[in-house]
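Written below as structure tokens is the structure these notes are about.
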Amino acid sequence: MKRLNFLHACALLALGVSSVATHAQEFPPKKTITMVVGFAAGGAADTAARIIAKKLGENIGASVVVDNRGGAGGNIAHQFAANGPADGSTILFGSVGPLTIAPHMMKLSYDPVKDFAPITMGVNFPNVLVVHAGTGIKTFAEYIAYAKKNPKKLDYASTGPGSASHLAGELLDDMAGIDTVHVPYKGGAPALQDLLGGRVAAYFSTYSTSQAYIDNGKLIPLASTGAQRLKSLPKIPTIAESGYPGFSATNWYAFVASSKVPTATLDRWNTELVKVLKSPDVVEQLNSHGLTPLPSTRDELAKYMAKESATWGRVIRERKIVGE
Numbered sequence: 049m050k051r052l053n054f055l056h057a058c059a060l061l062a063l064g065v066s067s068v069a070t071h072a073q074e075f076p077p078k079k080t081i082t083m084v085v086g087f088a089a090g091g092a093a094d095t096a097a098r099i100i101a102k103k104l105g106e107n108i109g110a111s112v113v114v115d116n117r118g119g120a121g122g123n124i125a126h127q128f129a130a131n132g133p134a135d136g137s138t139i140l141f142g143s144v145g146p147l148t149i150a151p152h153m154m155k156l157s158y159d160p161v162k163d164f165a166p167i168t169m170g171v172n173f174p175n176v177l178v179v180h181a182g183t184g185i186k187t188f189a190e191y192i193a194y195a196k197k198n199p200k201k202l203d204y205a206s207t208g209p210g211s212a213s214h215l216a217g218e219l220l221d222d223m224a225g226i227d228t229v230h231v232p233y234k235g236g237a238p239a240l241q242d243l244l245g246g247r248v249a250a251y252f253s254t255y256s257t258s259q260a261y262i263d264n265g266k267l268i269p270l271a272s273t274g275a276q277r278l279k280s281l282p283k284i285p286t287i288a289e290s291g292y293p294g295f296s297a298t299n300w301y302a303f304v305a306s307s308k309v310p311t312a313t314l315d316r317w318n319t320e321l322v323k324v325l326k327s328p329d330v331v332e333q334l335n336s337h338g339l340t341p342l343p344s345t346r347d348e349l350a351k352y353m354a355k356e357s358a359t360w361g362r363v364i365r366e367r368k369i370v371g372e
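Per my numbering: the sequence shown = residues 49 to 372.
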């Protein structure tokens, strides 16, 4: 009798352990998943997030809500996500600035390395160096020649100190030996407005933002900042192929989550997000907006973020760039 009671107790214990293990591995963690984005609706980050969220929700059978938390160059959203729930129900569509640039410029309330766990790279896209048509500059070579002949007379807009559009200009100044003037704005809309008004000469813009004005001739595209030419602008060279090999200053958005999330859940998120990023319909939609999906392993993303941090840390130190 005692033997039977012991076996019965063991069976109940095993059932309990199995139940806990099954519960711990439930996926998705909740019926509603929050995908945090650090920028307002309508921009490249938001566009990509909504395309991915729709497909992701269909695949995992959950509602994936895009939560736009703009402000402070994306740092507000990153702080929010760093304090996110440990069950993995909140994921962050993190960006190059808060994850690898801002830590070298200012004191943050979160640590990008300690507080976040990598999931997968999301999308990558270069900026396009555009100038107001009234400058008379038609090519990238003319831009460099003018800047060399006229130090501190050629200005360029950016979406703020430490933004990808700012550091692209700093890196070009450094590699080309030119001295242009950085004019920071509080976002892409006011930067573009002043560029179109001729109050600044140039801007390292996302293609989706400047496309309509390139098409109507108000803005002249000179070069792109990635490793390959944009499919949307095949005749426009990269800066790297225009005499500055190795030049690369791209925007990228990657999926990360709070470091409190269990490894098994992070691995499952990697599987599901990579599946979405490889879906032909998602690839087509992202490409139509000038965005290139780049799914990766969790380790590949960690290494890429470390490399980007080292690159921009060096530029920030050497150029003596400080945050606001």
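For each residue, glycine too, the CB sits at the ideal point set by N, CA and C.
(message) Buried or exposed, going by whether 16 or more other CB atoms sit within 10 Å of the CB of Ala89?
(response) Along the sequence shown, one-based indexing puts residue 89 at 41. Exposed: under 16 other Cβ atoms inside 10 Å.
(message) I'd like to confirm the pairing. Which residues does DSSP put opposite Ser111 in its beta bridges?
(response) Here residue 111 refers to the residue found at position 63 of the sequence shown. Paired residue(s): Thr80.
(request) Quick one: grab the DSSP three-state call for Ser143. (result) Counted from its first residue, the sequence shown places residue 143 at position 95. Here Ser143 sits in strand by DSSP.
(request) In the DSSP assignment, find the alpha helix (DSSP H) that holds Thr359 and state where it starts and stops. (result) Position 311 of the sequence shown, counting from 1, holds the residue named residue 359. Where Thr359 is concerned, the enclosing alpha helix (DSSP H) starts and stops at Arg346 to Glu366.
(request) Using the DSSP secondary-structure output, state which residues sit across from Phe252 in a beta bridge. (result) For the purposes of this step, residue 252 is identified with residue 204 of the sequence shown, where counting begins at 1. Partner(s): Leu177.
(request) Report buried or exposed for Arg117, applying the criterion of at least 16 other Cβ atoms within 10 angstroms of its Cβ. (result) Position 69 of the sequence shown, counting from 1, holds the residue named residue 117. Buried is the call here.
(message) Quick check on the burial criterion: 16 or more other C-beta atoms within 10 angstroms. Buried or exposed for Thr254?
(response) Here residue 254 refers to the residue found at position 206 when the sequence shown is read from its first residue. Buried, by the Cβ-count rule.
(request) Say whether the stretch 129-145 touches the stretch 298-308, bearing in mind that this needs 3 or more beta-carbon pairs closer than 8 Å, one atom from each stretch. (result) Judged by Cβ distances under 8 Å, the stretch 129-145 makes contact with the stretch 298-308, as three or more pairs qualify.
(message) Quick test of the definition: if touching needs 3 or more C-beta pairs under 8 Å, does the stretch 260-270 touch the stretch 198-205?
(response) The stretch 260-270 vs the stretch 198-205: no contact.
(message) What would DSSP say about Pro151, mapped onto helix, strand or coil?
(response) Position 103 of the sequence shown holds residue 151. Residue state, collapsed to three classes: helix.
(message) Are the CB atoms of Val363 and Ser218 within a distance shorter than 8 Å?
(response) On the sequence shown, residue 218 is found 170 positions in, with the first residue counted as 1. On the sequence shown, residue 363 is found 315 positions in, with the first residue counted as 1. The residue you asked about is not Ser; residue 218 is Glu in the sequence shown. A contact, by the Cβ cut-off of 8 Å.
(message) Quick check on the burial criterion: 16 or more other C-beta atoms within 10 angstroms. Buried or exposed for Gly373?
(response) This structure leaves residue 373 out entirely; the chain is present only between 49 and 372.
(request) Alpha carbon to alpha carbon, how far is Asn264 from Asp159? Give it in angstroms, no decimals. (result) Here the question's residue 159 lines up with position 111 in the sequence shown. Here the question's residue 264 lines up with position 216 in the sequence shown. The alpha-carbon of Asp159 is positioned some 44 Å away from that of Asn264.
(request) Specify, as a first and last residue, the run of the alpha helix (DSSP H) that Ser19 falls within. (result) The shown model of the chain, from 49 to 372, leaves out residue 19, and the question about it has no answer.
(message) Closest to Phe173 by C-alpha separation, out of Ala288, Leu342 and Val370, would be which residue?
(response) Here residue 173 refers to the residue found at position 125 of the sequence shown. Closest option to Phe173, judged by alpha-carbon separation, among Ala288, Leu342 and Val370: Leu342.
(request) Indicate the three-state DSSP secondary structure (helix, strand or coil) for Ile99 in the structure shown. (result) For this step, residue 99 is matched to residue 51 along the sequence shown. Here Ile99 carries a helix assignment [DSSP, helix/strand/coil].
(request) Measure the C-alpha to C-alpha separation of Ile167 and Leu349 and round it to an integer number of angstroms. (result) Here residue 167 refers to the residue found at position 119 of the sequence shown. Here residue 349 refers to the residue found at position 301 of the sequence shown. Taking the straight line from one Cα to the other gives about 7 Å.
(request) May I ask you to report which of helix, strand or coil DSSP gives Ala72? (result) As a first step, residue 72 is located in the sequence shown; it is residue number 24 there, counting from the start. Low confidence applies to Ala72: its pLDDT is 49, below 50, so where it sits in the model is not reliable, and the reading given next is rough at best. Note: Ala72 maps to helix in three-state DSSP.
(message) Quick check on the burial criterion: 16 or more other C-beta atoms within 10 angstroms. Buried or exposed for Val330?
(response) The residue you call residue 330 lines up with position 282 of the sequence shown. Counting other Cβ atoms within 10 Å of its Cβ, Val330 reaches 16 or more and is therefore classed as buried.
(message) Classify Gly291: buried if its beta carbon has 16 or more other beta carbons within 10 angstroms, exposed otherwise.
(response) Taking the sequence shown and counting its residues from 1, one reaches residue 291 at position 243. Exposed, since its Cβ has fewer than 16 Cβ neighbours within 10 Å.
(message) For Lys326 and Asn198, I'd like the C-alpha separation in whole angstroms.
(response) Reading the sequence shown from its first residue, position 278 is the one you call residue 326. Reading the sequence shown from its first residue, position 150 is the one you call residue 198. Distance between the alpha carbons of Lys326 and Asn198 is about 47 Å.
(message) Checking 8 Å against the spacing of the C-beta atoms, do Ala195 and Ile226 come in under that value?
(response) In the sequence shown, counting from the first residue as 1, residue 195 sits at position 147. In the sequence shown, counting from the first residue as 1, residue 226 sits at position 178. In this structure, Ala195 lies near Ile226, with their beta-carbon atoms less than 8 Å apart.
(request) Within its chain, find whatever has a CB closer than 6 Å to the CB of Val229; leave out the 5 residues flanking it on each side and keep chain order. (result) Counting from 1 along the sequence shown, the entry for residue 229 is found at position 181. Around Val229: Lys200 and Asp203.
(request) Assuming Leu278 and Gly338 form a contact by the criterion Cβ under 8 Å, report the distance between their Cβ atoms to the nearest whole angstrom. (result) In the sequence shown, counting from the first residue as 1, residue 278 sits at position 230. In the sequence shown, counting from the first residue as 1, residue 338 sits at position 290. Contact check for Leu278 and Gly338: beta-carbon distance about 6 Å, within the 8 Å limit, so the pair qualifies.
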